[in-house]
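Beneath this line is the structure, given in structure tokens, with notes to follow.
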Amino acid sequence: GIMDYALIGEKLGHSYSPLIHRKFFEIENFNFGYNLLEIQKNELEEFVNKVKNGYLKGFNVTIPYKQDVMDFLDFIDEKASNIGAVNTVVNKNGKLYGYNTDYYGYLLTVLKLEAKVEGETCVILGNGGSAKAVIEALKDLKAKELYLVSRNLNKDVPLGVKSINYDELGQLNKGYLLTNCTPVGMFPNVGDSPVNKEIIGKFEFAIDLIYNPKMTKFLEEAKQLNLKFENGLY
118 GIMDYALIGE
128 KLGHSYSPLI
138 HRKFFEIENF
148 NFGYNLLEIQ
158 KNELEEFVNK
168 VKNGYLKGFN
178 VTIPYKQDVM
188 DFLDFIDEKA
198 SNIGAVNTVV
208 NKNGKLYGYN
218 TDYYGYLLTV
228 LKLEAKVEGE
238 TCVILGNGGS
248 AKAVIEALKD
258 LKAKELYLVS
268 RNLNKDVPLG
278 VKSINYDELG
288 QLNKGYLLTN
298 CTPVGMFPNV
308 GDSPVNKEII
318 GKFEFAIDLI
328 YNPKMTKFLE
338 EAKQLNLKFE
348 NGLY
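In this text, residue positions in the sequence shown follow this note's numbering: the first is 118, and each later residue adds one.
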């Protein structure tokens, strides 16, 4: 049916989710539909209750509801719970189960790059829900030092993570892997990068969670500086 699965968020113009899921359903011979549902914050609880009553088999969650949706779920996976964000919800007989696939997507991207982060210094730009998933993955890969960079110092940082601002990032000598978890550089603001070339040059690897455009300014500069890099599509 048309309303089997969906993505919820506030603004969904840029999303590849329908394309990715429909392709997956085709490969697996599933006869499922996948749609985009833009909902407002005050509609979230009502939407979740509709799902419990059979409206959908499951849904994905994007900005800005990855944390808010957790209040309405019956069960939250351990990884998602550690991260504090859910992006995938499965309806199992009227009970809703929350998961975080950002974690696995990022983990596999690091492995695809063959970046060996164990014992290394890793820097994360931005402090939304996706940054939390990235931190969890880097901890599991045994990164030695983790810096979370944001404009406003974040008091709510996970254990073992140092919160710094962009000025302090400029003073860092050298790092290993730099990950952009901010929306800076995403279509239509394709001329922007969250950090300058001088910062990017201190690293060996760069990952941008953005995939539209495929080559953000951040990744263009990483390429020019001979870093190994990957965007957020994988």
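Positions of the beta carbon are idealized from the N, C-alpha and C atoms, including for glycine.
In this structure, the straight-line span from the alpha carbon of residue 151 to that of residue 207 is close to 14 Å. In this structure, DSSP gives residue 351 a state outside helix and strand, which the three-state scheme calls coil.
Counting C-beta atoms within 10 angstroms of its own C-beta, residue 228 has fewer than 16 neighbours from the protein chains shown and is therefore classed as exposed.
Each residue's CA atom was taken as its position, placing residue 249 and residue 284 some 22 Å apart.
A distance below 6 Å between beta-carbons, with the five flanking residues on each side excluded, links residue 133 to no residue of its chain. Secondary-structure assignment with DSSP links residue 323 through a beta bridge to 295 and 346. Spanning the alpha carbons of residue 294 and residue 320 requires a straight line of approximately 6 Å. Annotated as distal: residue 170 and residue 124, with beta-carbon spacing of 7 Å or more. Residue 121 and residue 205 have their alpha carbons spaced roughly 14 Å apart. The distance from the Cβ of residue 202 to that of residue 224 is about 15 Å, inconsistent with a contact at the 8 Å cut-off. Nearest C-alpha to residue 348 among 181, 191 and 336: 336. For residue 123, the enclosing beta strand (DSSP E) starts and ends at 122 to 126. Around the beta carbon of residue 311, 16 or more other beta carbons sit within 10 angstroms, so the residue counts as buried.
Below 8 Å, too few C-beta pairs join the stretch 298 to 308 and the stretch 275 to 284 to call them touching: fewer than three.
Of the candidates 270, 244, 257 and 187, the residue whose Cα lies closest to the Cα of residue 221 is 257.
If you draw a straight line from the Cα of residue 269 to the Cα of residue 192, it comes to about 32 Å. As the crow flies, the alpha-carbon of residue 210 is around 45 Å from that of residue 345. Ranking 154, 273 and 139 by CA distance to the CA of residue 244 puts 273 first.
Residue range 278 to 281 is occupied by the beta strand (DSSP E) that includes residue 281. Beyond the five residues adjoining it in sequence on each side, residue 155 comes within less than 7 Å, by CB distance, of 126, 127, 128 and 129 in the same chain, given in chain order. Around the CB of residue 144, fewer than 16 other CB atoms lie within 10 Å, so the residue is classed as exposed.
Assignment of residue 154 by DSSP, reduced to helix, strand and coil, places it in the strand class. Excluding five sequence positions before and after residue 164, the CB atoms of its chain that fall closer than 6 Å to its own CB belong to 156, given in chain order.
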